[in-house]
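Asker: Residue numbers for the sequence shown follow full-length UniProt numbering, beginning at 1 and rising by one. Even for Gly, the Cβ is constructed at its ideal location relative to N, Cα and C. These numbers come from a predicted model, not from an experiment.
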Amino acid sequence: MEKERESAVEDRTGGIQVIARTAKILNALGDTPDGMSLAEIAKAVDLPRSTVQRIVSALSQENIIQADRSDGVRLGPALLRLVARVHTDVVSIVTPYLEQLSREVDETVTLARINGRGLAFVHVVVAEQILRVMPPVGGDLPMHSTSGGRALLAMHSDSEVKALLGQHYKRFTDRTVQSITELLAILEETRQLGYAWESDETVHGVSSLAFAIDTILGRYAVSVVLPTARAAEKRAHVAQCALRTKDALAAEIGRASPPVEPIGSSR
Numbered sequence: 001m002e003k004e005r006e007s008a009v010e011d012r013t014g015g016i017q018v019i020a021r022t023a024k025i026l027n028a029l030g031d032t033p034d035g036m037s038l039a040e041i042a043k044a045v046d047l048p049r050s051t052v053q054r055i056v057s058a059l060s061q062e063n064i065i066q067a068d069r070s071d072g073v074r075l076g077p078a079l080l081r082l083v084a085r086v087h088t089d090v091v092s093i094v095t096p097y098l099e100q101l102s103r104e105v106d107e108t109v110t111l112a113r114i115n116g117r118g119l120a121f122v123h124v125v126v127a128e129q130i131l132r133v134m135p136p137v138g139g140d141l142p143m144h145s146t147s148g149g150r151a152l153l154a155m156h157s158d159s160e161v162k163a164l165l166g167q168h169y170k171r172f173t174d175r176t177v178q179s180i181t182e183l184l185a186i187l188e189e190t191r192q193l194g195y196a197w198e199s200d201e202t203v204h205g206v207s208s209l210a211f212a213i214d215t216i217l218g219r220y221a222v223s224v225v226l227p228t229a230r231a232a233e234k235r236a237h238v239a240q241c242a243l244r245t246k247d248a249l250a251a252e253i254g255r256a257s258p259p260v261e262p263i264g265s266s267r
């Protein structure tokens, strides 16, 4: 009986170890979409090549990964289909947090992500105020003058920002940032504060505060959009509530150690 219990414990321990190793391999492949060799995987996850080969072979049989002699090992169609199904459900996961934030600040809250070289709203929770901002879902908003765009840009290096946006930007109002030097200074402040802020830079009379989240579902910006007439007096409260929401979302769907996502991409 004692030997049977010991055997059961060993089986459970071994099973947990295999799951942990498999997760490491999948994370490594997720960070390298162009594919990896077995040797590269073994080095990345600090496992013997023979162990990696056994796990890769098992995952390949289930189409969770693809092992090709020319391109190496990469994530397979079965896993990508699963990820796609989860990704399409991001709005339903995030909406309760957006609604809670909207109630706390009594303003409109949006969810957006990079779409090409612009910013697109994925979901909007409109405030119940008489004087309110009602941005449309979709759209192609500028990255340099919106708080959501800046929050997402701040997750990238200065060189990546330069490559995407260039040196000079379209002016929407007399307050719109005009140069890469100005923008990079704003992005550095955004990184320090944990959120981005803009006032009257894209639309006269409209201000916004946004934070970015790097999640297992992609990178998104959550913005509080409000009339400039209320912005100054509410900024501190909005920032406090927004950062609390940011922490809650990170705990719910945050990526533990985010890979670098190519700027300008959209999933």
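On the CB-based measure, 16 or more other CB atoms within 10 Å of its CB, does S57 come out buried or exposed?
Answerer: exposed
Asker: For R219, does the three-state DSSP call read helix, strand or coil?
Answerer: strand
Asker: Quick one: Cα of residue 320 to Cα of A67, how far?
Answerer: With the chain running from 1 to 267 in the structure shown, residue 320 is simply not present.
Asker: Measuring CB atoms only, is the region 238-245 touching the region 175-183, in the sense that at least three cross pairs come out at less than 8 Å?
Answerer: no
Asker: What do you get for V91, buried or exposed, if any count of 16 or more other CB atoms within 10 angstroms of its CB means buried?
Answerer: exposed
Asker: Express the C-alpha separation of G35 and I16 in angstroms, rounding to a whole number.
Answerer: 26 Å
Asker: Is the distance from the Cβ of R117 to the Cβ of L164 below 8 Å?
Answerer: yes
Asker: So, at 6 Å on beta carbons, what are the nonlocal neighbours of D140 in its own chain, with the 5 sequence-adjacent residues on each side left out?
Answerer: G118
Asker: How would you call residue 271, buried or exposed, if buried means at least 16 neighbouring beta carbons within 10 angstroms?
Answerer: Residue 271 lies beyond the residue range present for the chain, which begins at 1 and ends at 267; the question has no answer from this structure.
Asker: Comparing alpha-carbon positions, which option in D158, G149, M155 lies nearest E198?
Answerer: G149
Asker: Taking the straight line between their C-alpha atoms, what separation do you get for T52 and G205?
Answerer: The question names Thr, but residue 52 is Val in the sequence shown. Answer to the nearest angstrom: the Cα atoms are 57 Å apart.
Asker: How would you label V177, buried or exposed, when you count the other beta carbons within 10 angstroms and need 16 or more for buried?
Answerer: Looking at its Cβ environment, which holds 16 or more other Cβ atoms inside 10 Å, V177 is buried.
Asker: If you drop the 5 nearest sequence neighbours on each side, which residues of the same chain put their C-beta closer than 7 Å to that of S207?
Answerer: E198, S199, D200, L226, T228, A231
Asker: Classify Q192 as helix, strand or coil using the three-state DSSP reduction.
Answerer: helix
Asker: Distance, Cα to Cα, A28 vs A20?
Answerer: The alpha-carbon atoms of A28 and A20 are separated by roughly 12 Å.
Asker: Bridge partners of Q66, per DSSP?
Answerer: R74.
Asker: So, does the CB of A23 fall closer than 8 Å to a CB anywhere in chain C?
Answerer: Judged by its chain identifiers, the structure shown contains no chain C, having just a single protein chain.
Asker: Kindly indicate the opening and closing residues of the beta strand (DSSP E) around I114.
Answerer: 108-115
Asker: Using the C-alpha atoms, what's the distance from E62 back to L187?
Answerer: 43 Å
Asker: Out of I55, I93, R49, which one is the CA nearest neighbour of A23?
Answerer: In this structure, I55 is the residue among I55, I93, R49 with its C-alpha nearest to the C-alpha of A23.
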